[in-house]
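I have placed the structure first, in the form of structure tokens, so that the comments after it can refer back to it.
Residue numbers (our numbering), protein chains in the order written: chain A, 1 to 139; chain B, 140 to 209.
Have a look at this one:
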């Protein structure tokens, strides 16, 4: 027993046809022919122990599954931006607060153990006055 | 006369076909060539127990592998 379905590629995306076919490959032999951009032929061949009624039911179920997959495909593509935004927000919120650098104390910059916050005058003024004092003593 | 199967390259991909050939090698010698947009697959020295089924089963297997890969 054989049957052929000719599907319009504009109505049924190829991904949906693949998905529906995958559901049935354990029950019926399936082959694809034609042009994936225009008309896609799906050839069904009954397995040895399949009755005529069962075979017809399988082909009918395939068509329903195809509609199911096509609708799913449409919903997926129409909701893609919303889904991406939701995932991005979920990932950002999962990150939590960004880690605080240093010891976490907001005023820790006030401590200046290396003296890098001092101005040039503050750092070298004392040395100059010391030198002047020394010179004065000599004279 | 060897058994032969033609699968359109537009629907079936090469890595899936190669995987199927590897997985079916216990049943006989299977070779393929690319010709005019089709994979032409030859089956030789096929185990007589599976001879009547192998082409259809093999085609389904390649389809399954192709869908999995997509």
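Here a beta-carbon is modelled for each residue, glycine too, at the ideal position from N, C-alpha and C.
Identify which residue in the options has its Cα closest to the Cα of residue i.
i, options, result
"residue 152(B)", "167(B), 177(B) and 161(B)", "177(B)"
"residue 7(A)", "41(A), 33(A), 88(A) and 29(A)", "41(A)"
"residue 43(A)", "3(A), 119(A), 50(A) and 92(A)", "3(A)"
"residue 185(B)", "175(B), 195(B) and 168(B)", "168(B)"
"residue 39(A)", "62(A), 15(A), 67(A) and 9(A)", "9(A)"
"residue 77(A)", "16(A), 1(A) and 89(A)", "16(A)"
"residue 73(A)", "1(A), 19(A) and 5(A)", "19(A)"
"residue 1(A)", "26(A), 95(A), 33(A) and 58(A)", "58(A)"
"residue 45(A)", "87(A), 5(A), 90(A) and 75(A)", "5(A)"
"residue 52(A)", "27(A), 121(A) and 67(A)", "27(A)"
Can you give the beta carbon distance from residue i to residue j, rounded, assuming they're within the 8 Å contact cut?
i, j, result
"residue 143(B)", "residue 193(B)", "Not confirmed; about 11 Å, so no contact."
"residue 209(B)", "residue 36(A)", "Not really, about 12 Å apart at Cβ, beyond 8 Å."
"residue 189(B)", "residue 166(B)", "5 Å"
"residue 204(B)", "residue 158(B)", "5 Å"
"residue 183(B)", "residue 141(B)", "5 Å"
"residue 29(A)", "residue 170(B)", "Actually they are not in contact, since the Cβ atoms of residue 29(A) and residue 170(B) sit about 22 Å apart, beyond 8 Å."
"residue 24(A)", "residue 62(A)", "5 Å"
"residue 147(B)", "residue 32(A)", "7 Å"
Determine which residues share a DSSP beta bridge with residue i and list them.
i, result
"residue 2(A)", "45(A)"
"residue 8(A)", "39(A)"
"residue 170(B)", "181(B)"
"residue 145(B)", "179(B)"
"residue 28(A)", "46(A)"
Any chance the CB of residue i is under 7 Å from a heavy atom of the ligand HEM?
i, result
"residue 55(A)", "Of the ligands one can find in the structure shown there are none, so the ligand HEM has no counterpart to examine."
Against residue i, what residues of chain A qualify as contacts under a CB-to-CB distance less than 8 Å, listed in chain order?
i, result
"residue 165(B)", "Per Cβ cutoff of 8 Å: no residues; residue 165(B) is ~21 Å from chain A at best."
What does residue i touch in chain A if you count any residue whose Cβ is under 7 Å from its own?
i, result
"residue 150(B)", "32 and 36"
"residue 147(B)", "32 and 33"
Show which residues of chain B have a CB atom less than 7 Å away from the CB atom of residue i.
i, result
"residue 69(A)", "Per Cβ cutoff of 7 Å: no residues; residue 69(A) is ~11 Å from chain B at best."
"residue 22(A)", "203 and 206"
Using a Cβ-Cβ distance under 8 Å, would residue i count as near chain D?
i, result
"residue 58(A)", "Considering every chain present, this structure includes no chain D. Its protein chains are A and B."
Anything in chain B within Cβ reach of residue i, meaning under 9 Å, just list it in chain order.
i, result
"residue 25(A)", "199, 200, 202, 203 and 206"
"residue 18(A)", "150, 202, 205, 206 and 209"
Using a Cβ cut-off of 9 Å, which residues of the region 31 to 51 of chain A contact any Cβ in chain B, in chain order? 31, 32, 33, 34, 35, 36, 37, 40, 45, 47 and 48
For the region 197 to 209 of chain B, enumerate the residues whose C-beta is nearer than 7 Å to any C-beta of chain A, in chain order. Here the close residues are 198, 199, 202, 203, 206 and 209.
Check each residue of the region 172 to 195 of chain B: if its Cβ is closer than 7 Å to any Cβ of chain A, include it; give the result in chain order. 195
In the region 2 to 15 of chain A, which residues sit with their C-beta less than 9 Å from some C-beta in chain B, listed in chain order? 14 and 15
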